[in-house]
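Student:
Number of protein chains: 2
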Amino acid sequence: MALIVQKYGGSSVADADRIRNVARRIAATADAGNQVVVVVSAMGKTTDGLIELAGQINESPREREMDLLLSTGEVVSSALVTMALHAMGRPAIGLTGWQAGIRTDSLHRRARILDIDTSRITEELQQGNIVIVAGFQGMTEENDITTLGRGASDTTAVAMAGALHAEQCHIYTDVAGVYTTDPRIEPNARKLTEISYDEMLELASLGAKVMHNRSVELGAIFNVPILVASSFSDEPGTLIHGGAQMEVRNKVRAIATDTNVAKITVLGVPDRPGIAAQVFAPLAEAGLSVDVIVQNASVESATDLTFTVAKTDLQKAIALVRPVAKEIGARDCVASDQLAKVSIVGTGIQNAPGYAARMFETLYRSGINIEMITTSEIAITCVVAADHVQKAVQALHAAFELDKPEA
Amino acid sequence: MALIVQKYGGSSVADADRIRNVARRIAATADAGNQVVVVVSAMGKTTDGLIELAGQINESPREREMDLLLSTGEVVSSALVTMALHAMGRPAIGLTGWQAGIRTDSLHRRARILDIDTSRITEELQQGNIVIVAGFQGMTEENDITTLGRGASDTTAVAMAGALHAEQCHIYTDVAGVYTTDPRIEPNARKLTEISYDEMLELASLGAKVMHNRSVELGAIFNVPILVASSFSDEPGTLIHGGAQMEVRNKVRAIATDTNVAKITVLGVPDRPGIAAQVFAPLAEAGLSVDVIVQNASVESATDLTFTVAKTDLQKAIALVRPVAKEIGARDCVASDQLAKVSIVGTGIQNAPGYAARMFETLYRSGINIEMITTSEIAITCVVAADHVQKAVQALHAAFELDKPEA
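For the record, the sequence lines run as chains A and P. Per the working numbering, the very first residue in the first sequence carries number 1338; after that it's consecutive. Per the working numbering, the very first residue in the second sequence carries number 1338; after that it's consecutive.
#1: Mapping DSSP to helix, strand and coil, what is SER1568 (chain P)?
#2: Which word fits GLN1615 (chain P), buried or exposed, when buried means at least 16 other C-beta atoms lie within 10 angstroms of its C-beta?
#3: Going by DSSP, which residues form a beta bridge with ILE1453 (chain A)?
#4: Rank A:VAL1565, A:GLY1434 and A:CYS1506 by C-alpha distance to the C-alpha of GLU1531 (chain A) and give the top, closest one.
#5: Taking only runs of the beta strand (DSSP E) that begin and end inside the stretch 1629-1703 of chain A, which ones reach a length of at least 3 residues, in chain order?
#6: Can you pull out the residues from the stretch 1399-1417 of chain A whose beta carbon lies closer than 9 Å to at least one beta carbon of chain P?
#7: In whole angstroms, what is the alpha-carbon distance linking MET1784 (chain P) and GLN1463 (chain A)?
#8: Cβ closer than 8 Å: which chain A residues qualify as neighbours of ASN1480 (chain P)?
#9: Taking DSSP as the reference, what is the three-state secondary structure of PRO1607 (chain A)?
#10: Is DSSP giving ASP1511 (chain P) helix, strand or coil here?
#11: Compare the beta carbon distance of LEU1417 (chain P) and LEU1406 (chain A) with 8 Å and say whether it is the shorter of the two.
#12: Among the residues of its own chain, which have a CB less than 7 Å from the CB of ASP1740 (chain P), if the five just before and after it don't count?
#13: What do you get for GLY1370 (chain A), buried or exposed, if any count of 16 or more other CB atoms within 10 angstroms of its CB means buried?
#14: How far does the beta strand (DSSP E) with SER1713 (chain P) in it extend, from its first residue to its last?
#15: Cβ of THR1433 (chain P) within 8 Å of Cβ of ILE1469 (chain P)?
#16: Would you say GLN1474 (chain P) lies against chain A (beta-carbon separation less than 8 Å)?
#17: Can you tell me whether GLY1691 (chain A) is buried or exposed, with buried defined as 16 or more other CB within 10 angstroms of its CB?
#18: Under a three-way DSSP split, which group does ALA1735 (chain A) fall into?
#19: Select from A:GLN1632, A:PHE1737 and A:ASP1511 the residue whose C-alpha is nearest the C-alpha of GLU1708 (chain A).
#20: Compare the beta carbon distance of VAL1721 (chain P) and ILE1705 (chain P) with 8 Å and say whether it is the shorter of the two.
#21: Looking only at its own chain, which residues have a Cβ that is under 7 Å from the Cβ of ASP1454 (chain A), when we skip the five neighbours before and after it?
#22: What in chain A is Cβ-close to ILE1394 (chain P), meaning under 8 Å?
#23: Quick check: is the beta carbon of ALA1379 (chain P) nearer than 8 Å to any beta carbon in chain A?
#24: Which ranges would you report for the alpha helix (DSSP H) in the stretch 1477-1509 of chain A if only whole runs of at least 4 residues count?
#25: What does the Cβ neighbour count give for GLU1584 (chain A), buried or exposed, with the cut at 16 atoms within 10 Å?
#26: Using only the alpha-carbon positions, how far apart do ARG1449 (chain P) and GLU1478 (chain P) sit?
#27: Taking all protein chains shown into account, do 16 or more other C-beta atoms lie within 10 angstroms of the C-beta of ILE1681 (chain P), making it buried, or fewer, making it exposed?
#28: Indicate whether VAL1679 (chain A) and VAL1726 (chain A) have their beta-carbon atoms separated by less than 8 Å.
#29: Tell me the rounded alpha-carbon separation between THR1640 (chain A) and PRO1562 (chain A).
#30: Does the Cβ-Cβ distance between GLY1683 (chain P) and ARG1590 (chain P) come in under 8 Å?
#31: Who are the Cβ neighbours of LYS1648 (chain A) in its own chain at under 7 Å, not counting the five residues just before and after it?
#32: In the stretch 1529-1544 of chain P, which residues sit with their C-beta less than 8 Å from some C-beta in chain A, listed in chain order?
#33: Thinking ALA1541 (chain A) and MET1548 (chain A) are a contact (beta carbons under 8 Å), I'd like their distance in whole angstroms, please.
#34: List, in order along the chain, the chain P residues whose C-beta lies closer than 7 Å to that of GLY1431 (chain A)?
#35: Between the Cα of ALA1498 (chain A) and the Cα atoms of A:ALA1367, A:ASN1560, A:GLU1622 and A:PHE1569, which residue gives the shortest distance?
#36: Can you round the beta-carbon distance between GLY1472 (chain P) and LYS1653 (chain P) to whole angstroms, since I take them to be within the 8 Å contact cut?
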């Protein structure tokens, strides 16, 4: 008998009909001879509604009470999905996050799971119950309720699958799986049947919002295969796993984009040791992530230092960098936010010859200027003008034959 | 420094404006130098909405999951009221029922409080916090969430006041206090400044729905003075207490009515011992309450046995009584549901001369036929035709001078 953990997102449980649909899928999984633990999100826009209500009462509500408030949404879903299973004659029990044994630190609204005490769930499974757990929440050592951050029901599910040594974790959502690129940008985008944890992490960090990175990281740590699929169809979805055959594939798997990109250039930086550290230290202290960093070749002992930050952080970043630039004797400091990142993603492509060259040539032939380049183990990223993103994705999707079925 | 427990009902926290209003009242109580623990109900019609949603999914949902579902409504209120106090700069903390230490038995949807572990609340009060507790809920020994029955936030508040040895318990609701009778029936009805626990119990059991009986009983057990008042005005309200001066007052305090009344008469019952027990045993087994019981004088060794049940239970009751009537050789079994109870209530009136006589005479002068009579320590009740209720109440209200201010 296999143990399967399933997670259903907010749109999958948005009303009574959809809850019944979800219950049918859960019952089918149980009827196939599996033990089933289900993690549910809040119904539809419930969480947004609660946040708005809180905002009417307090412009910056304390995070502890926000957690108390928001955690109720998932508890409602857990009760209703359980009732739907009862209506179908299936034994089931609904549990809050804390009843399910999820212990977290006390960083309210972004708590981390410290530990899962699986004794209650194990007992319920042994009694033949399907267990429906409220996602996104846990409890501190002081018995205070925490939430794990927006969309973190995925995290609950993967962590639960890890703690229970589940065979698979199914993440049911409103997309059918992981695509070679955003289908709204490239209609020829194709759904992948499988992808590695590392590739998925690159895709997520580069703006492909199928799953949160924390969930994928947890999947990798516990080696839990994660199936991402739609709860509205029976299409097969995409399996995220650490299978060995991927390690040697060396193939472009997908194209990711990120339009939340701005760049800052410090012009005429004196070329002496420690300068870069001086520029980036205040940004790190303020919690601002610096992404792509390029230092141009030195001309007469002065260089230009360029780096990207999230577009949403640009004003904060420039205010921090400008005084430092003055202090170190740089000539000027300029910014631009009409930018985007386009990346090709695939395990091992950095070390395989030809991918970078083909990427640059494809962009060149499409008349797209590359402003910056960065590489990682499994991705090559070019910063281009924001209005060139669609053209770049379509050209790369064709050049790397991503519309063709997998071998 | 006095400790005050306050309870705010659903209509008092129905929206953001009302929640702010409640927060102002709580803050004023704290500013007056009191420690304050507040018990809140779910916002407005939240509980009804959740019950309807559950009904769309399962016609008879399991009570355990109904409790899981319904308990969220009060948790939302507790978070929001706490946020409103924070917005006013007051230190406050929101707690669920189980966080507040409320332990119950496992009779879901009608659980009884077994014990309150006040350690968390006491600690929060010592730290200077106003404590906002989600009413209506608790937790079993097995860590399952229970609810205490409709309207039982009153019970939470009074039990909490008892456990904390609070000076007073304030029940804020949408009525201004306890009246001499229903103001919709008798416009001259007057608000009482005080009433005894026993009188209040009679009023509640006779259909005056200001507070639930369980809360008043608890108040009497713990000797917690309960102030019932409106959260929408600063009028003084009614204090329910056990003050000694009431014991000797011997005065009609109020007139209660109950229109949920039906009567069943078993005709020609053989006059031998044990017959009444045979008739009432199946009703007791089915959980149906029998109220007024009258056995007419015996005529030729057969009597008529008449009793009242709630009108809403009549069909169930008659189905149980008919076969028993046949079995014991009664002649027939008839029912009527066009009835109501009218009662005069006041400590000691049963033993004081003249009250019963004045009641019967007043009804007689108004042309109202009395179908049945019953008395208790503090009430005299007449069953009359339902369409005579208003006339009866107005006549009795005048006869016992209830429109005159208290001495």
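The beta-carbon is built from N, C-alpha and C at its ideal position, and this holds for glycine as well.
Tutor: Per the coordinate set shown:
#1: As a working note, residue 1568 (chain P) is residue 231 in the second sequence. In the three-state scheme derived from DSSP, where H, G and I count as helix and E and B as strand, SER1568 (chain P) is classed as coil.
#2: The residue given as residue 1615 (chain P) occupies position 278 in the second sequence. Exposed is the label assigned to GLN1615 (chain P), since fewer than 16 other Cβ atoms lie within 10 Å of its Cβ.
#3: By 1-based counting over the first sequence, the position of residue 1453 (chain A) is 116. Residue pairing for ILE1453 (chain A): DSSP places it in a beta bridge opposite A:ILE1439.
#4: Here residue 1531 (chain A) is taken as the residue at index 194 of the first sequence, counted from 1. Minimum Cα distance to GLU1531 (chain A) is reached at A:VAL1565.
#5: Counting only unbroken stretches of 3 or more residues, the beta strand (DSSP E) elements lying wholly within the stretch 1629-1703 of chain A are 1639-1646 and 1669-1682, in sequence order.
#6: Considering only beta carbons, the part of the stretch 1399-1417 of chain A lying closer than 9 Å to chain P consists of ARG1399, ARG1401, GLU1402, MET1403, ASP1404, LEU1405, LEU1406, LEU1407, SER1408, THR1409, GLY1410, VAL1412, VAL1413, SER1415, ALA1416 and LEU1417, in chain order.
#7: This structure cannot settle anything about residue 1784 (chain P), because the visible part of chain P is limited to 1338 through 1744.
#8: Against the second sequence, residue 1480 (chain P) aligns to sequence position 143. Within 8 Å Cβ-Cβ: GLN1436 and ARG1457.
#9: Taking the first sequence and counting its residues from 1, one reaches residue 1607 (chain A) at position 270. Note: PRO1607 (chain A) maps to strand in three-state DSSP.
#10: Within the second sequence, the letter at position 174 stands for residue 1511 (chain P). Here DSSP, grouped into helix, strand and coil, assigns ASP1511 (chain P) to coil.
#11: Translated into positions along the second sequence, residue 1417 (chain P) becomes position 80. Translated into positions along the first sequence, residue 1406 (chain A) becomes position 69. Using a Cβ distance threshold of 8 Å, LEU1417 (chain P) and LEU1406 (chain A) count as a contacting pair.
#12: For the purposes of this step, residue 1740 (chain P) is taken as residue 403 along the second sequence, with counting starting at 1. Excluding positions up to five away in sequence, the list reads ASN1525, ARG1527 and HIS1734.
#13: By one-based count along the first sequence, residue 1370 (chain A) stands at place 33. Label assigned to GLY1370 (chain A): exposed.
#14: Here the question's residue 1713 (chain P) lines up with position 376 in the second sequence. It spans 1709-1713 - the beta strand (DSSP E) in which SER1713 (chain P) sits, taken as one unbroken run.
#15: Residue 1433 (chain P) sits at position 96 when you count from the first residue of the second sequence. Residue 1469 (chain P) sits at position 132 when you count from the first residue of the second sequence. No, these two residues do not count as a Cβ contact at 8 Å.
#16: By 1-based counting over the second sequence, the position of residue 1474 (chain P) is 137. No, because no Cβ of chain A sits closer than 8 Å to the Cβ of GLN1474 (chain P).
#17: As a working mapping, residue 1691 (chain A) is identified with position 354 in the first sequence. Flag for GLY1691 (chain A) reads exposed.
#18: Locating residue 1735 (chain A) in the first sequence gives position 398, counting from the first residue. Note: ALA1735 (chain A) maps to helix in three-state DSSP.
#19: Translated into the one-based positions of the first sequence, residue 1708 (chain A) becomes position 371. Taking only the C-alpha atoms, the option nearest GLU1708 (chain A) is A:GLN1632.
#20: As a working mapping, residue 1721 (chain P) is identified with position 384 in the second sequence. As a working mapping, residue 1705 (chain P) is identified with position 368 in the second sequence. Yes, Cβ-Cβ distance for VAL1721 (chain P) and ILE1705 (chain P) is below 8 Å.
#21: The residue labelled residue 1454 (chain A) in the question sits at position 117 within the first sequence. For ASP1454 (chain A), where only same-chain residues beyond five positions count, the Cβ hits under 7 Å are GLY1438 and ARG1440.
#22: Counted from its first residue, the second sequence places residue 1394 (chain P) at position 57. Taking a Cβ-Cβ cut-off of 8 Å, the neighbours of ILE1394 (chain P) in chain A comprise ALA1353, ILE1356, ARG1357, LEU1417, MET1420, ALA1421 and ALA1424, given in sequence order.
#23: Taking the second sequence and counting its residues from 1, the one referred to as residue 1379 (chain P) is at position 42. For ALA1379 (chain P), the nearest beta carbon of chain A is not closer than 8 Å to its own beta carbon.
#24: If we require 4 residues or more, the alpha helix (DSSP H) runs fully inside the stretch 1477-1509 of chain A come out as 1490-1500.
#25: One-based indexing of the first sequence puts residue 1584 (chain A) at position 247. Unreliable positioning characterises GLU1584 (chain A) in this predicted model, as indicated by a pLDDT of 46, which lies under 50. The coordinate reading is nonetheless provided below. Counting every other CB atom within 10 Å of its CB across the protein chains shown gives GLU1584 (chain A) a total below 16, marking it as exposed.
#26: What you label residue 1449 (chain P) is simply residue 112 of the second sequence in a count that begins at 1. What you label residue 1478 (chain P) is simply residue 141 of the second sequence in a count that begins at 1. Across the structure, ARG1449 (chain P) and GLU1478 (chain P) are spaced so that their CA atoms are roughly 13 Å apart.
#27: Reading the second sequence from its first residue, position 344 is the one you call residue 1681 (chain P). Flag for ILE1681 (chain P) reads buried.
#28: Position 342 of the first sequence holds residue 1679 (chain A). Position 389 of the first sequence holds residue 1726 (chain A). Their beta carbons are under 8 Å apart, which means VAL1679 (chain A) touches VAL1726 (chain A) by this criterion.
#29: For the purposes of this step, residue 1640 (chain A) is taken as residue 303 along the first sequence, with counting starting at 1. For the purposes of this step, residue 1562 (chain A) is taken as residue 225 along the first sequence, with counting starting at 1. Rounded to the nearest angstrom, the two C-alpha atoms are 47 Å apart.
#30: Indexing the second sequence from 1 puts residue 1683 (chain P) at position 346. Indexing the second sequence from 1 puts residue 1590 (chain P) at position 253. Taking 8 Å as the Cβ cut-off, GLY1683 (chain P) and ARG1590 (chain P) qualify as a contacting pair.
#31: Here the question's residue 1648 (chain A) lines up with position 311 in the first sequence. Spatial neighbours of LYS1648 (chain A) in its own chain (CB-CB distance under 7 Å, excluding positions within 5 residues in sequence) are listed in chain order as ASN1597, VAL1598, ALA1599 and ASP1674.
#32: Answer in chain order: no residues at all.
#33: Indexing the first sequence from 1 puts residue 1541 (chain A) at position 204. Indexing the first sequence from 1 puts residue 1548 (chain A) at position 211. The beta-carbon separation of ALA1541 (chain A) and MET1548 (chain A), rounded to 6 Å, stays under the 8 Å limit for a contact.
#34: The count along the first sequence starts at 1 and reaches residue 1431 (chain A) at position 94. Ordered by position in chain P, the residues that pass the 7 Å Cβ test against GLY1431 (chain A) are GLU1402 and LEU1405.
#35: One-based indexing of the first sequence puts residue 1498 (chain A) at position 161. Of the candidates A:ALA1367, A:ASN1560, A:GLU1622 and A:PHE1569, the one whose C-alpha sits nearest the C-alpha of ALA1498 (chain A) is A:ASN1560.
#36: Indexing the second sequence from 1 puts residue 1472 (chain P) at position 135. Indexing the second sequence from 1 puts residue 1653 (chain P) at position 316. The pair is not a contact, with the Cβ atoms about 31 Å apart (cut-off 8 Å).
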